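There are 2 protein chains.
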Amino acid sequence: MRTVIVAAGGQVDHRVKSYISEADLLLAADGGAASILELGFVPQAVVGDFDSLDPDVVSGLGECELVRVQREKDETDTELTVRYALERGTDAITLLGALGGRIDHTLANLILLAGLAKKDIDARAITPPLAVYAVAKRLVIQGTKGDLVSVFPFQGSAEGVTEIGFKYSLADAYLDPFAVVGISNELASSEGIIEVRKGVLLVFHYHNEK
Amino acid sequence: MRTVIVAAGGQVDHRVKSYISEADLLLAADGGAASILELGFVPQAVVGDFDSLDPDVVSGLGECELVRVQREKDETDTELTVRYALERGTDAITLLGALGGRIDHTLANLILLAGLAKKDIDARAITPPLAVYAVAKRLVIQGTKGDLVSVFPFQGSAEGVTEIGFKYSLADAYLDPFAVVGISNELASSEGIIEVRKGVLLVFHYHNEK
Chain A
14 MRTVIVAAGG QVDHRVKSYI SEADLLLAAD GGAASILELG FVPQAVVGDF DSLDPDVVSG
74 LGECELVRVQ REKDETDTEL TVRYALERGT DAITLLGALG GRIDHTLANL ILLAGLAKKD
134 IDARAITPPL AVYAVAKRLV IQGTKGDLVS VFPFQGSAEG VTEIGFKYSL ADAYLDPFAV
194 VGISNELASS EGIIEVRKGV LLVFHYHNEK
Chain B
14 MRTVIVAAGG QVDHRVKSYI SEADLLLAAD GGAASILELG FVPQAVVGDF DSLDPDVVSG
74 LGECELVRVQ REKDETDTEL TVRYALERGT DAITLLGALG GRIDHTLANL ILLAGLAKKD
134 IDARAITPPL AVYAVAKRLV IQGTKGDLVS VFPFQGSAEG VTEIGFKYSL ADAYLDPFAV
194 VGISNELASS EGIIEVRKGV LLVFHYHNEK
């Protein structure tokens with residue numbers, strides 16, 4: 014089951030429509046509901062404290078489930094929405110509008126993705142032309158030769174890292190969490206394969222937009 | 014010795030002038046040189062492959078040292094500039110223009126900061142109103158009651174985390190690298206103290222601008 018969650022933290026425009034229309038479960042994290050309605054969709058549920066939700070948006074939501082949480086909480090709205098999806102048995106989560114807003118929120122969302130990958134959930138955040146993947150085993154990305162791809166060990170070291178199909182390859186490498194070696198690699202053809210034996214990688218794929 | 018490095022990745026405006034004027038050593042990472050000249054300063058050295066450096070900028074640099082590195086390299090220009098500063102014995106580094114550009118570059122710069130903190134270098138990145146600190150021991154921040162402060166364990170777990178002077182305190186806490194618990198705390202007065210016994214924290218301080 015593929016869940017798409019629209020957060021309120023970053024830009025969401027027509028380029029994400031294809032992701033939304035392929036969702037088995039479409040959720041909004043609080044203010045993300047407004048973005049979904051603007052794109053012509055209705056979420057199945059909205060999770061949040063609703064402090065950033067306009068009354069007009071609420072009336073546009075129709076029969077949608079409203080999961081209201083208390084305002085003083087440890088978790089972000091996006092995190093609570095992810096939890097809602099996991100409880101319903103999702104095995105793949107795409108975050109939209111989760112990158113490029115406040116930098117601490119962006120980092121929190123990257124940490125959230127990494128935590129999902131560790132739980133064996135297929136986890137990514139999309140803000141076209143950028144797709145960020147959290148990888149705890151293996152990832153195959155499709156793109157165009159020359160696409161920029163950056164790979165970082167995240168929240169710890171990474172062992173047994175292999176990258177195939179890139180300008181610079183890696184084979185069974187150890188990546189130190191405090192050194193940056195994997196920035197601005199390039200796809201050598203239309204497909205790249207990234208594997209990691211231990212640890213979590215974040216993969217940033219900038220699609221070349223014509 | 015306090016080094017200020019201006020990178021090419023994020024916004025640099027008049028609000029960073031006070032940081033530049035207090036630098037013992039002022040360095041530009043490649044295209045960051047243009048931002049320094051625009052603000053009316055001249056760096057002591059520019060480090061980079063100069064692929065983003067305009068000829069007009071080069072002529073404005075006067076006697077400034079140009080440290081040219083090869084275009085195909087593992088390190089980012091900012092990382093090479095940091096290395097230049099460390100070789101000259103700096104014990105405090107402020108990055109300007111290092112946040113808010115391409116997200117992978119922002120993350121690379123956060124990793125760079127964290128690595129500096131581990132080496133006992135006083136490390137921060139400033140993009141007003143945001144200041145990001147990497148902390149491996151102790152940090153005292155000055156601000157205004159109500160300022161938002163987010164704290165994350167970074168590139169691994171953090172142990173013995175204590176936060177004093179905030180709306181929500183922590184005492185000798187363990188922070189899981191894959192859980193987000195420290196987002197959007199608030200300064201309870203004009204000063205906050207953050208300590209960590211093992212690991213590295215990233216501290217995001219959003220100054221309340223009047």
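Chains as they are written, first to last, in our numbering: chain A, 14 to 223; chain B, 14 to 223. From the three backbone atoms N, C-alpha and C, an ideal C-beta is built for every residue, glycine too. Being a predicted model, the structure only gives us computed values, none of them experimental.
Quiz item: Is the CB of residue 100 of chain B under 8 Å away from at least one CB in chain A?
Solution: no
Self-check item: residue 196 of chain B in three-state terms, based on DSSP
Solution: coil
Exercise. List the whole-angstrom C-beta distance separating residue 62 of chain B from residue 37 of chain B, where the pair is believed to meet the contact cut-off of C-beta under 8 Å.
Key: At roughly 26 Å, the Cβ-Cβ gap does not stay under 8 Å, so residue 62 of chain B and residue 37 of chain B are not in contact.
Quiz item: Does DSSP classify residue 224 of chain A as helix, strand or coil?
Solution: Residue 224 of chain A lies beyond the residue range present for chain A, which begins at 14 and ends at 223; the question has no answer from this structure.
Quiz item: So what does DSSP say about residue 220 of chain A, is it helix, strand or coil?
Solution: coil
Quiz prompt | Under the three-state DSSP convention, the category residue 187 of chain B falls into | solution = strand
Self-check item: Contiguous beta strand (DSSP E) assignments of at least 3 residues, all confined to the region 56-103 of chain A
Solution: 58-61 and 78-81
Quiz prompt | Interfacial residues, the region 119-131 of chain B to chain A, with Cβ spacing under 7 Å | solution = 119, 120, 121, 124, 125, 127, 128 and 131
Quiz item: Going by alpha carbons, who is nearest to residue 119 of chain B out of B/23, B/219, B/17 and B/220?
Solution: B/23
Quiz item: Going by C-alpha distance, which of B/15, B/160 and B/140 is nearest residue 178 of chain B?
Solution: B/160
Quiz prompt | CB of residue 125 of chain A within 8 Å of CB of residue 145 of chain A, strictly | solution = no
Quiz item: Which whole-angstrom value describes the C-beta separation of residue 207 of chain B and residue 214 of chain B, a residue pair presumed to lie in contact below a C-beta threshold of 8 Å?
Solution: 7 Å
Quiz item: Where does residue 201 of chain A sit, in a helix, a strand or coil, going by DSSP?
Solution: coil
Quiz item: Just how far apart, CA to CA, sit residue 88 of chain B and residue 193 of chain A?
Solution: 7 Å
Practice problem: Quick one: using the 10 Å Cβ neighbour count with 16 as the cut-off for buried, is residue 166 of chain B buried or exposed? | Solution: buried
Self-check item: Closest Cα partner of residue 131 of chain B within the set B/110, B/162 and B/171
Solution: B/171
Quiz item: Three or more beta-carbon pairs under 8 Å between the region 89-103 of chain B and the region 16-34 of chain B, yes or no?
Solution: yes
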